[in-house]
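Residue numbers (this note's numbering), protein chains in the order written: chain A, 43 to 274; chain B, 43 to 274.
C-beta atoms are modelled at their ideal positions from N, C-alpha and C, and glycine is treated no differently.
Protein chains: 2
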Amino acid sequence: MDQRPAIVLLSGGLDSTTTLAIALDQGYDVHALSFDYGQRHSVELESARRVAKTMGVTKHFVATIDLRMFGGSALTDSITVPHHDRVEELQSAIPVTYVPARNTIFLSFALAWAETLAASDIFIGVNALDYSGYPDCRPEYIKAYEIMANLATKAGVEGKQRLQIHTPLMEMTKSQIITRGASLGVDYRLTHSCYDPDKDGKPCGTCDSCLLRQKGFQEAGLSDPTATNGVL
Amino acid sequence: MDQRPAIVLLSGGLDSTTTLAIALDQGYDVHALSFDYGQRHSVELESARRVAKTMGVTKHFVATIDLRMFGGSALTDSITVPHHDRVEELQSAIPVTYVPARNTIFLSFALAWAETLAASDIFIGVNALDYSGYPDCRPEYIKAYEIMANLATKAGVEGKQRLQIHTPLMEMTKSQIITRGASLGVDYRLTHSCYDPDKDGKPCGTCDSCLLRQKGFQEAGLSDPTATNGVL
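This is the structure in structure tokens:
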């Protein structure tokens, strides 16, 4: 039997790489989609390419979209990325690294590709537990997106296709995500999490994303191969 | 009092130009957004620039996104644009000129810009009456998008902003749209409707979009300045 095609949004980070491993494990024919959106940590695209190549996806597209023209985020604008000494300092409010409508834009490109492939399945590595500050990572948002997506498409209108947005990490802690990925054989050396790497791509170790990664590995009782070995 | 900012999606065609005129007439501080998405009729972007300049918008962005990588439409792929002798030949099924998820992608960029501007209003010139073949032009789709958008954004989550998608043309026939635009002083010479123009940008006169435009002007009892004077 032919494998069902699925689109997996792949940033090259820990969460999306684990999500990709889960989609492969579930037997999907994985089409990975990444974005060059003007992010200051564009080194993550190198990770995305390594992950896609190493883990064996059918096709990997990198779409170029310039979200810098709208600004409004520390990831795309001149706003400074916050740094902290300890993970406990992270605040519960929506952080300045939030990029307006980013997941909505990413999912919309995935929807376009899904429709041309006649795929019914889109995977996104959003997570509401360990880092719930982003509005477009919450289950109610994903559910509303799914309803909209099924009204947006030709196949949805013709009743041929019931599009589903899969969020396998939604209710997992970072350490659970790492444990799951490790059990599926994910090589986390391939991934990149830092929002504010130096010019050689080396993680800063003190941004929100670095701190959550460290905490996750600690709680999973594993060592972070990137942190110990440096960037590949 | 300061004018409220609004985003208006502007293709450079008859519908979006009329929508822009309506938003200006309603007193909005208009920010126009167009897309270079690899469309074969990219001459419409020249129209969009002319319209934005002539009608006096506050800002006009043209976002470059390459939807050709996904294909699946006569507007972005090597599929032939259909031509007809008469408007009655147009079919009610979803036409090959449908671009998968196009309006969803366009609205998502508008949402990003709206959020950074703290704008609560997005205008899109979709129309369900005269040309109802596109799934992402229907009122139920727009309603679902609006619900999703209010869950996607920081302002939505914080309860500060109630985002609204305005579709002033939704229930209008093409001739009603033209009559309304003419009453607002729209110069339709600025606009471009053809899906399949020749290399000089001249409309073919026989694609779905040309035929509906002709029918609209006829029924409105007006002459099409573009058709008589050629492309500007």
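When rounded, the separation of the alpha-carbon atoms in residue 207(B) and residue 215(A) is 36 Å. Against chain B, a Cβ distance below 7 Å from residue 211(A) picks out nothing, because the smallest value is about 18 Å. Less than 7 Å separates the beta-carbon of residue 142(B) from that of residue 157(A). CA-CA distance, residue 245(B) to residue 236(B), rounds to 5 Å.
With respect to chain B, the C-beta atom of residue 76(A) has no partner C-beta closer than 7 Å. For residue 89(B), the enclosing alpha helix (DSSP H) begins and ends at 85 to 97. Assignment of residue 256(B) by DSSP, reduced to helix, strand and coil, places it in the helix class. Identification of residues in the segment 182 to 195 of chain A having a C-beta nearer than 7 Å to some C-beta of chain B yields 182, 183, 186, 187, 189, 190, 193, 194, 195, given in sequence order. For the segment 158 to 169 of chain B, residues whose beta-carbon sits nearer than 7 Å to a beta-carbon of chain A comprise 158.
Counting only runs that start and end inside the segment 169 to 251 of chain B, the alpha helix (DSSP H) elements of at least 4 residues fall at 181 to 194, 196 to 199, 216 to 225. For residue 265(A), there are no C-beta contacts with chain B under 7 Å, since the nearest C-beta of that chain is about 35 Å from it. Distance from the CA of residue 77(A) to the CA of residue 265(B), rounded to the nearest whole angstrom, comes to 45 Å. With the rule of 3 Cβ pairs closer than 8 Å, the segment 218 to 232 of chain B counts as touching the segment 61 to 81 of chain B. Taking a Cβ-Cβ threshold of 8 Å, none of the residues of chain B is close to residue 97(A); the smallest such distance is about 21 Å. Of the candidates 250(A), 165(A), 147(A), 262(A), 165(A) places its Cα closest to the Cα of residue 212(A).
When Cβ-Cβ separations below 7 Å define contact, residue 47(B) makes no contact with chain A. In this structure, the beta-carbon distance from residue 194(B) to residue 183(A) falls below 7 Å.
Secondary structure note for residue 143(B): it is in no beta strand (DSSP E), with a DSSP letter that is neither H nor E. For residue 104(B), the nearest beta carbon of chain A is not closer than 7 Å to its own beta carbon.
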